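J.:
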Amino acid sequence: MLIEFKVANYRSIRAEQTLSMVASNYSDELPQNLISCDHVPGLKGTKLVKAVALYGANASGKSNIVAALRFFAEFVRDSATKLQPGAPTGAQPFKLDPACLTEPSKFEITAVINGVRTLYGIEMTRERVTSEYLVAYPKGRPQVWFERDWDEGKGGYDWSDSAKHFKHDETLHERTRENAAFVSVATQFNHVGASIVGAWMLELCHIMTLSDDAINAKSEFGFDDLRSRLSPLIQRADVGISEVSKRKLKEHEMAEDYVRLILRKRMWETKASDTQSGPTSKGKHGKSTESAASFFDDLVSPEFSHRGKDSAVSLSYRDEESTGTRRFYELAADLDFLVIAGKLLLVDEIESSLHPILIQDLLRQFFLHEDNEAQLIFTTHNPLLLDQTLLRRDQIWFTEKDQEGATRLYPLT
């Protein structure tokens with residue numbers, strides 16, 4: 018579960034901005050929209066919101082908040098394997114102030130990972146990581162697992178590691194390039210502590226955005242189960258669908274990026290589950306992680322039957338269904354998967370191709386699930402979602418630009 022995200026000097030964001038998922042103690046409204054942290058050491062009495070809506074004018078920076086979180090997660094996921102030595106890190110500093118161009122961009126999350134409050138952050142220029150740190154609170158008190166800071170004078174890093182809490186082969190320091198995250202490198206060499214954090218960061222990107230050609234293969238929990246849960250919702254939406262069935266995807270129809278992401282996710286999960294302290298290889302509902310072969314066998318696409326004049330007619334999901342129908346199904350499927358797996362979903366412009374009443378219905382269904390540790394962060398322009406029977410005041414955030422073009426982020430509270 019995400020507690021807060023901090024970002025500075027990235028795209029339109031200059032000064033440090035904080036997006037907090039911590040619920041306000043001044044209101045007890047809409048309790049179904051909250052997650053209790055009483056089971057987390059040091060967080061008794063703290064509650065998190067299940068969703069946050071980001072509002073703002075065009076070019077105010079709301080999409081950059083989402084983009085920053087996505088970039089952070091992808092850098093941790095890929096920097097050890099995809100960036101060549103000397104390649105740019107991908108950091109994009111605030112360009113409207115020349116002084117920011119040589120300063121590092123900062124990304125930091127505080128999250129509940131495997132039941133432990135964890136703080137992990139990176140600072141980087143376009144050339145290298147200048148700082149990286151990992152702090153855990155297993156008993157409510159901080160344990161610094163590792164830190165590294167770039168020393169310009171000696172042209173290398175100063176390292177500080179906890180031999181007790183983050184024991185590792187010292188050669189990992191030498192294997193960590195200037196343009197890579199240490200967590201990413203350590204995970205490649207099966208370090209359990211790093212893998213736990215890396216797997217959580219990968220989950221952050223697992224269902225990052227919606228796509229018109231998404232596979233919709235939420236097969237880890239079974240398409241038939243998904244269909245049974247979504248069919249009533251789809252029929253209530255009154256988009257003319259009488260039945261949902263499935264069709265096995267052919268190889269040329271598989272979205273390459275999606276398949277690669279799933280396989281990499283499985284790899285990180287396997288590394289993290291090598292010991293009892295890592296995540297289990299089973300989902301929340303006890304379904305075991307499948308082999309790559311069985312995963313490919315299970316890749317399917319939905320097929321909708323529509324009420325015709327004399328009988329039901331099936332339409333091709335990819336080629337004949339409307340954008341709005343596909344968008345509704347994909348958002349409903351992602352939110353359903355989110356609830357089961359307890360993950361975080363980021364959606365930019367959630368109202369795209371959808372009627373606001375349908376979005377309200379989906380959000381209400383999402384909030385009503387009990388024991389739901391899933392979270393949603395979305396951007397929107399739709400004022401109809403500013404409904405105090407749908408969202409609490411601490412779930413509504415705004416972005417605006419100051420006179421120098423820098424983004425400011427603040428909650429309605």
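Everything in the sequence shown is counted per the numbering used here, starting at 18 for the first residue and increasing by one.
A virtual CB, placed ideally from N, CA and C, is assigned to each residue, including glycine.
Since the model is a prediction, treat every value here as computed from it, not as a measurement.
#1: With three or more beta-carbon pairs closer than 8 Å as the criterion, would you say the stretch 416 to 426 touches the stretch 73 to 87?
#2: Helix, strand or coil, according to DSSP, for residue 191 in the structure here?
#3: Using DSSP with H/G/I as helix, E/B as strand and the rest coil, what is residue 57?
#4: Classify residue 355 as helix, strand or coil using the three-state DSSP reduction.
#5: Please go through the same chain and pick out, in chain order, the residues whose beta-carbon is closer than 6 Å to the beta-carbon of residue 168, but skip the five residues on each side of it.
#6: Can you check which of these residues, 131, 170, 207 and 324, is closest to residue 360 by C-alpha distance?
#7: Please report the residue range of the alpha helix (DSSP H) in which residue 204 lies.
#8: Thinking just about the alpha-carbon of each residue, which of 398, 22 and 212 is nearest to the one in residue 139?
#9: Restricting to runs no shorter than 4 residues, where is the alpha helix (DSSP H) found entirely within the stretch 70 to 150?
#10: Could you check what DSSP says for residue 489 in three-state terms: helix, strand or coil?
#11: Using the C-alpha atoms, what's the distance from residue 154 back to residue 59?
#12: Work out the CA separation of residue 152 and residue 65 for me, nearest whole Å.
#13: Between which two residues does the alpha helix (DSSP H) harbouring residue 381 extend?
#14: Identify whether residue 248 lies in helix, strand or coil by the three-state DSSP scheme.
#15: Whose C-alpha, out of 116, 70 and 84, is nearest the C-alpha of residue 32?
#16: Along the chain, where does the beta strand (DSSP E) containing residue 417 start, and where does it finish?
#17: What's the gap between the Cα of residue 199 and the Cα of residue 149?
#18: Whose C-beta lies closer than 7 Å to the C-beta of residue 412 among residues of the same chain, with five residues either side of it excluded?
#19: Give me the Cα-Cα distance between residue 262 and residue 243, rounded to the nearest whole angstrom.
#20: Taking DSSP as the reference, what is the three-state secondary structure of residue 320?
#21: Count the other C-beta atoms from every protein chain shown that fall within 10 angstroms of the C-beta of residue 396, then say buried if there are 16 or more, exposed otherwise.
#22: Taking residue 259 and residue 343 to be in contact with their CB atoms under 8 Å, please state how far apart those CB atoms are, rounded to whole angstroms.
#23: Of all the options 110, 378 and 340, which has the alpha carbon lying nearest to the alpha carbon of residue 249?
#24: What did DSSP end up calling residue 350 once you bin it into helix, strand or coil?
#25: Specify the secondary structure class of residue 367 as computed by DSSP and reduced to three states.
#26: For residue 254, which three-state DSSP category applies?
#27: Sort out for me which residues DSSP pairs residue 25 with in a bridge.
#28: Does DSSP classify residue 224 as helix, strand or coil?
#29: Is residue 330 buried or exposed, if buried means 16 or more other CB atoms sit within 10 Å of its CB?
#30: Since I believe residue 424 is in contact with residue 81 (beta carbons under 8 Å), could you give me their beta-carbon distance rounded to a whole number of angstroms?
#31: Can at least three beta-carbon pairs, one atom from the stretch 206 to 217 and one from the stretch 82 to 89, be found at a separation below 8 Å?
#32: Are the beta-carbon atoms belonging to residue 352 and residue 321 less than 8 Å from one another?
#33: Which partner residues does residue 183 have in the DSSP bridge list?
#34: Would residue 374 be called buried (16 or more neighbouring beta carbons within 10 Å of its own) or exposed?
#35: List the endpoints of the continuous beta strand (DSSP E) containing residue 43.
#36: Compare the beta carbon distance of residue 98 and residue 141 with 8 Å and say whether it is the shorter of the two.
T.: By the coordinates alone:
#1: yes
#2: helix
#3: coil
#4: If DSSP states are grouped into helix, strand and coil, residue 355 belongs with the helices.
#5: 175
#6: 131
#7: For residue 204, the enclosing alpha helix (DSSP H) stretches over residues 199 to 205.
#8: 22
#9: 79 to 99
#10: What the structure shows of the chain is the stretch from 18 to 430, and residue 489 is not part of that stretch, so it cannot be assessed.
#11: The alpha-carbon atoms of residue 59 and residue 154 are separated by roughly 8 Å.
#12: Rounded to whole angstroms, the separation of the alpha carbons of residue 152 and residue 65 is 20 Å.
#13: 373 to 385
#14: helix
#15: 116
#16: 413 to 418
#17: 8 Å
#18: Within the same chain, and ignoring the five residues on either side of residue 412 in sequence, the residues whose Cβ sits closer than 7 Å to its Cβ are 50, 66, 68, 69 and 70.
#19: Cα to Cα, residue 262 sits roughly 11 Å from residue 243.
#20: strand
#21: buried
#22: Not confirmed; about 17 Å, so no contact.
#23: 378
#24: helix
#25: coil
#26: coil
#27: 123
#28: With a pLDDT of 47 at residue 224, under the threshold of 50, the predicted position of this residue should be treated as unreliable, and no value is reported.
#29: Looking at its Cβ environment, which holds fewer than 16 other Cβ atoms inside 10 Å, residue 330 is exposed.
#30: So it is a contact: roughly 6 Å between Cβ atoms.
#31: no
#32: No.
#33: Paired residue(s): none; residue 183 is not in a bridge.
#34: exposed
#35: No beta strand (DSSP E) holds residue 43; DSSP gives it neither H nor E.
#36: no
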